[in-house]
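In our numbering, the protein residues as written are 385 to 758.
Where is the CB? At the ideal position from N, CA and C, for every residue including glycine.
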């Protein structure tokens, strides 16, 4: 009976989608095509000259206009107008999806879920992915798995296919179903072309093995993951896990691969020596006795984020190292993120030129970082 019910449900969604899509005139099809292909300026220039007749055309114009709005309030208002006036059109429902994404980013899960559940178009399967994201953020593991699997049934190799597998894995780990988590990741690895993010895959699989009590396989996965890139943000999280294994199992865990030694080769030929970047010159300097740990997150200004860690000692170490490079630095605790709450930063900077100069200097010294604004 289950296959019959699924077939009936799929047929119903297809019929609804046909009704939602409607027919767009040639000029509106050109607008839609430009938008979908990322030709934003071209799409924006076409809007003023178009005169919509059908609800589908009006919804398309309102949706694209809302997307082009630079500020949050105008954007939300534009989406809501399309939702209120044309809820049964394709772009009325796309407006529901885009507004729901904003609510998810702002952790307004009830509003997001309400909008996503109103979407009934088979042409918008990504609603199930965002429902899964919404459920994961409130630790509703059963709903996370159900919605992620619904997306995978409709789009097994879709845009969010790999992310759905990771959501399912996290949900199983939250339920302490470690074997199910491991099985999910192994199925992903068996698919051609997956995983695309191999470092994260090995980190997550290592975490699943660690929770299952198989420290040998966990060590193998973490070792493979950290060797993909030793200076990424994820590499520091893998390092945290490795030290947890070392603390739990002592000398059984060999971490010598973290500190590789290579043969010393001294070049005898004359080569041009690359001059290291000088430290950036800042308008304002930080007092030498400023504590490394900040009691609060910076409230405003230009900064460079240099890491997010599960262990305070790692954040302190990075901040201290940056101070040694004569740059302002510190770290703080982000209590909203329980797994990796310790955030290290460099700054503040008076302008973007100082910020870019500091980023280049940090990368020259093998410190991974990115620009941010508080």
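Which full runs of the alpha helix (DSSP H) of 4+ residues lie inside the region 467–508, going along the chain? 474–489 and 493–502
Roughly how many whole angstroms lie between the Cα atoms of residue 532 and residue 572? For the purposes of this step, residue 532 is identified with residue 148 of the chain shown, where counting begins at 1. For the purposes of this step, residue 572 is identified with residue 188 of the chain shown, where counting begins at 1. Residue 532 and residue 572: Cα-Cα distance of roughly 14 Å.
What residue does the alpha helix (DSSP H) around residue 693 start on, and which one ends it? If you number the chain shown from 1, residue 693 lands on position 309. Premise fails: residue 693 lies in the beta strand (DSSP E), 686–693, not in any alpha helix (DSSP H).
What residue range is occupied by the uninterrupted alpha helix (DSSP H) comprising residue 539? Numbered from 1 along the chain shown, position 155 holds the residue referred to as residue 539. Where residue 539 is concerned, there is no enclosing alpha helix (DSSP H), given that its DSSP letter is neither H nor E.
Assuming residue 757 and residue 714 form a contact by the criterion Cβ under 8 Å, report the distance between their Cβ atoms to the nearest whole angstrom. Mapped onto the chain shown, residue 757 falls at position 373. Mapped onto the chain shown, residue 714 falls at position 330. Contact flag wrong, Cβ pair sits at about 16 Å.
Ends of the alpha helix (DSSP H) at residue 567? The sequence position of residue 567 within the chain shown is 183, counting from 1. 562–574 is the extent of the alpha helix (DSSP H) around residue 567.
Span of the alpha helix (DSSP H) holding residue 553? Indexing the chain shown from 1 puts residue 553 at position 169. Taken as a continuous stretch (DSSP letters only), the alpha helix (DSSP H) holding residue 553 covers 545–558.
Going by DSSP in three states, residue 393 sits in which element: helix, strand or coil? Translated into the one-based positions of the chain shown, residue 393 becomes position 9. Residue placement at residue 393 is flagged as unreliable, the pLDDT there being 46, under the threshold of 50; a coordinate-derived value is accordingly withheld.
Indicate the three-state DSSP secondary structure (helix, strand or coil) for residue 608 in the structure shown. Counting from 1 along the chain shown, the entry for residue 608 is found at position 224. Here residue 608 sits in helix by DSSP.
Count the other C-beta atoms from every protein chain shown that fall within 10 angstroms of the C-beta of residue 680, then say buried if there are 16 or more, exposed otherwise. Counting from 1 along the chain shown, the entry for residue 680 is found at position 296. Flag for residue 680 reads exposed.
Distance between residue 550 and residue 759 (C-alpha atoms, nearest Å): Because the chain spans 385 through 758 in this model, residue 759 falls outside it and cannot be assessed.
Contact check, residue 452 vs residue 415, beta carbons under 8 Å: On the chain shown, residue 452 is found 68 positions in, with the first residue counted as 1. On the chain shown, residue 415 is found 31 positions in, with the first residue counted as 1. Not in contact: residue 452 and residue 415 (Cβ atoms no closer than 8 Å).
What first and last residue would you give for the alpha helix (DSSP H) that runs through residue 707? Looking up residue 707 in the chain shown gives position 323. Run containing residue 707: 696–708, per the alpha helix (DSSP H) assignment.
If we ignore side chains and look at the alpha-carbon of each, how far apart do residue 734 and residue 728 end up? Residue numbering aside, residue 734 sits at position 350 when the chain shown is read from its first letter. Residue numbering aside, residue 728 sits at position 344 when the chain shown is read from its first letter. So the alpha carbons of these two residues sit roughly 19 Å apart.
Within 10 Å of its beta-carbon, does residue 697 have 16 or more other beta-carbons around it, so buried, or fewer, so exposed? What you label residue 697 is simply residue 313 of the chain shown in a count that begins at 1. Under this definition residue 697 is an exposed residue.
Write down the C-beta distance between residue 625 and residue 591 rounded to the nearest angstrom, noting that I regard them as a contact closer than 8 Å. The count along the chain shown starts at 1 and reaches residue 625 at position 241. The count along the chain shown starts at 1 and reaches residue 591 at position 207. Indeed, because the Cβ distance is near 7 Å, the residues count as touching under 8 Å.
Measure the beta-carbon distance from residue 535 to residue 513 and round it to whole angstroms, keeping in mind my assumption that it falls under 8 Å. For the purposes of this step, residue 535 is identified with residue 151 of the chain shown, where counting begins at 1. For the purposes of this step, residue 513 is identified with residue 129 of the chain shown, where counting begins at 1. About 5 Å separates the two Cβ atoms, so the contact holds.
Tell me the rounded alpha-carbon separation between residue 664 and residue 673. The residue labelled residue 664 in the question sits at position 280 within the chain shown. The residue labelled residue 673 in the question sits at position 289 within the chain shown. Between residue 664 and residue 673, the C-alpha separation is close to 20 Å.
Considering only DSSP beta bridges, list what residue 423 is partnered with. By one-based count along the chain shown, residue 423 stands at place 39. Beta-bridge pairing links residue 423 to no other residue.
Does the region 424–433 come close enough to the region 455–475 that 3 or more CB-CB pairs lie under 8 Å? no
On the DSSP bridge list, what partners appear for residue 677? Your numbering for residue 677 matches position 293 in the chain shown. Beta-bridge pairing links residue 677 to 715.
Top-ranked residue by Cα proximity to residue 409, from 424, 441, 586 and 543: Position 25 of the chain shown, counted from the start, is the residue given in the question as residue 409. The residue with the shortest Cα to Cα distance from residue 409 is 441.
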